[in-house]
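Please read the structure below before turning to the comments.
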Amino acid sequence: MLNIQSKLPGVSTTIFSVMSKLAAEHNAINLSQGFPDYACDPKLINLVNEAMKDGFNQYAPMPGANFLKETIAEKVEKLYNVKYNPETEITVTAGGTQAIFTALASIISAGDEVIIFEPAYDSYAPTVKLLGGLVKTYELAPPNYGIDWDMVKKLFTANTRMIILNTPHNPTGSILSSDDMKSLIKLVTGTDILILSDEVYEHLIYDEHKHQSVMLYPELRLRSFIIASFGKLLHATGWKLGYCLAPEKLMKEFRKVHQFNVFSVNSPMQQAIANYIKEPENYNGIAGFFQQKRDYFRTLLADSRFKLLPCNGSYFQCVSYSEISDEKDTDFSMSLIKEFGVATIPVSAFYQRATDHKIIRFCFAKENATLALAAEKLKNV
Ligand code: PMP
Ligand code: GLN
Numbered sequence: 026m027l028n029i030q031s032k033l034p035g036v037s038t039t040i041f042s043v044m045s046k047l048a049a050e051h052n053a054i055n056l057s058q059g060f061p062d063y064a065c066d067p068k069l070i071n072l073v074n075e076a077m078k079d080g081f082n083q084y085a086p087m088p089g090a091n092f093l094k095e096t097i098a099e100k101v102e103k104l105y106n107v108k109y110n111p112e113t114e115i116t117v118t119a120g121g122t123q124a125i126f127t128a129l130a131s132i133i134s135a136g137d138e139v140i141i142f143e144p145a146y147d148s149y150a151p152t153v154k155l156l157g158g159l160v161k162t163y164e165l166a167p168p169n170y171g172i173d174w175d176m177v178k179k180l181f182t183a184n185t186r187m188i189i190l191n192t193p194h195n196p197t198g199s200i201l202s203s204d205d206m207k208s209l210i211k212l213v214t215g216t217d218i219l220i221l222s223d224e225v226y227e228h229l230i231y232d233e234h235k236h237q238s239v240m241l242y243p244e245l246r247l248r249s250f251i252i253a254s255f256g257k258l259l260h261a262t263g264w265k266l267g268y269c270l271a272p273e274k275l276m277k278e279f280r281k282v283h284q285f286n287v288f289s290v291n292s293p294m295q296q297a298i299a300n301y302i303k304e305p306e307n308y309n310g311i312a313g314f315f316q317q318k319r320d321y322f323r324t325l326l327a328d329s330r331f332k333l334l335p336c337n338g339s340y341f342q343c344v345s346y347s348e349i350s351d352e353k354d355t356d357f358s359m360s361l362i363k364e365f366g367v368a369t370i371p372v373s374a375f376y377q378r379a380t381d382h383k384i385i386r387f388c389f390a391k392e393n394a395t396l397a398l399a400a401e402k403l404k405n406v
């Protein structure tokens, strides 16, 4: 008998796969895993076809196609007035998750501590552990999931190597403010602590709010890996393309890992995406588009028994069901699928301790008809 010692004991299949599978098995409306149920722009698909016909079918350069890196640099400068050098500070990745993995792998060694705010995207903690790092958790609480930075400071030790931020936030839809950023600057100035800033929902920010990228703050930018995903921007999560921005010194380490992790990523799609995002009108409307969906879904749920939590960004809406049931959120989600035909994500899945605040997450990146049908079912709960 083979004796295999798991590197990740206690880690099972990601909740996103579990819930999407259950949704299919029970023929439930799938508002669990975050992905659109509508088509991406046919213009974009044509651009991929053209790139294939034009011969972009062999390996792209290891850090990404120059055309795409240059276009990313232009987009970033236009949006945030910050310059990243395409040659040395931008790497195209196989989506945000790979970029997160690679950034962590390039920095974290055994015994290094990484501060994570939970609920958190479920790849962060297992990746840190796989690298021999230690996760220092700060648990955020509903309804606002705000951060008390004095409490964060208490987590610092001589081994603190990195802090992972995520704004707009999955799963809660909360966002960090400029005051948060200023508090963070005070905490890290004078230390060697690095930041991994997961900004995959940078464009999905609503009402009067402005995305607080770490790149807007030089004290943070110079110590940060910033993660972006074209899956969100282009309504094409299955393409698994994204990128990482970092100052040269950090990017050099990132690329040492990237080259042996994936080497380079899908070539024709890089050309197509570059051609597409060269025209800002192809993505300028995205916040308005999702804000309408958020508002529509919130209006639909207003006369249900679920209590809506705030949603300032991302394409997720969290609700409390504490006035409906005492069940654990995992059990409650199962009943929703089996008895009411709607799949959601129990928010305890985003806490390593499975902290249960009786909150579930819906993804509203769906056709209005899907949202309306789901709401009809949810009103029966
Ligand atoms: N970070 C967060 C917070 C996410 O929600 C996701 C989900 N898709 C990712 C990273 C990964 O993005 P990708 O699908 O491009 O790997
Ligand atoms: N980020 C997506 C979500 O939160 C899913 C990503 C994945 O399935 N790995 O639903």
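Mapping the sequence shown onto our numbering, position 70 (from 1) lands on 95, and the numbers just tick up by one.
Glycine residues also receive a C-beta, built at the ideal position from the N, C-alpha and C atoms.
The structure displayed is predicted, hence computed values, not measured ones.
With a cutoff of 8 angstroms on beta-carbon distance, GLN342 and GLY171 are scored as not near each other. According to the DSSP assignment, THR185 belongs to the beta strand (DSSP E) that extends over 185-191.
Nearest to PRO144 by alpha-carbon distance, out of MET77, LYS94, PRO196, GLY366, is PRO196. Take ASN110, set aside five residues on each side of it, and the residues of its chain with a beta-carbon closer than 8 angstroms to its own are ALA98, GLU273, in chain order. For THR116, the uninterrupted beta strand (DSSP E) segment begins and ends at 115-118. Distances from the CB of GLN58 to the heavy atoms of the ligand GLN include at least one below 7 angstroms.
Between ARG280 and THR116, the gap from beta carbon to beta carbon is short of 8 angstroms. Between the region 306-326 and the region 179-193, the count of C-beta pairs closer than 8 angstroms stays below three; the two stretches do not touch. Shortest gap from the CB of SER254 to any heavy atom of the ligand PMP: under 7 angstroms. The region 192-260 is shown to contain whole beta strand (DSSP E) runs of 3 or more residues at 219-223, 249-254, in chain order. Comparing alpha carbon positions, the residue from ALA53, LEU47, TYR226 closest to THR395 is ALA53. Annotation for GLU114: LEU270, ALA271, PRO272, GLU273, MET276 place their beta carbon closer than 7 angstroms to its own, counting only its chain and skipping 5 residues before and after. The alpha-carbon separation between TYR376 and GLU75 amounts to approximately 44 angstroms.
Secondary structure at LYS332: strand, using DSSP grouped into helix, strand and coil.
In the assembly as shown, MET294 is a buried residue. Its beta-carbon has 16 or more other beta-carbons within 10 Å. Take the alpha-carbon of HIS260 and the one of LEU326: they are about 24 angstroms apart. Look at the beta carbons and you see the region 335-354 not touching the region 243-255: under three pairs across the two are nearer than 8 angstroms. PHE81 sits buried, since 16 or more C-beta atoms from the chains shown fall within 10 Å of its C-beta. A Cβ-Cβ distance of about 18 angstroms is found for the pair LEU180 and SER222, leaving them out of contact under the 8 angstroms criterion. Remark: the shortest separation between the CB of ASN195 and any heavy atom of the ligand GLN falls under 7 angstroms.
If you draw a 10 Å sphere on the C-beta of GLU227, you find 16 or more other C-beta atoms in it, and that means buried. A heavy atom of the ligand GLN is found nearer than 7 angstroms to the CB of PHE41.
When secondary structure is reduced to three states using DSSP, GLU352 falls in the coil class, being assigned neither helix nor strand.
Per DSSP, LEU361 lies in no alpha helix (DSSP H) segment and is marked neither H nor E. Taking a 10 Å sphere around the C-beta of GLY158, we find 16 or more other C-beta atoms and assign the residue as buried. Take the alpha-carbon of LYS161 and the one of LYS103: they are about 36 angstroms apart.
Taking the Cβ of THR113 as the reference point, every heavy atom of the ligand PMP lies at 7 angstroms or farther away. Counting C-beta pairs with one atom in each stretch, the region 243-250 and the region 29-47 have fewer than three that are closer than 8 angstroms, which means they do not touch. DSSP places VAL139 within a strand segment (E or B) once states are collapsed to three.
In the DSSP assignment, the residues bridged to ILE370 are ARG386.
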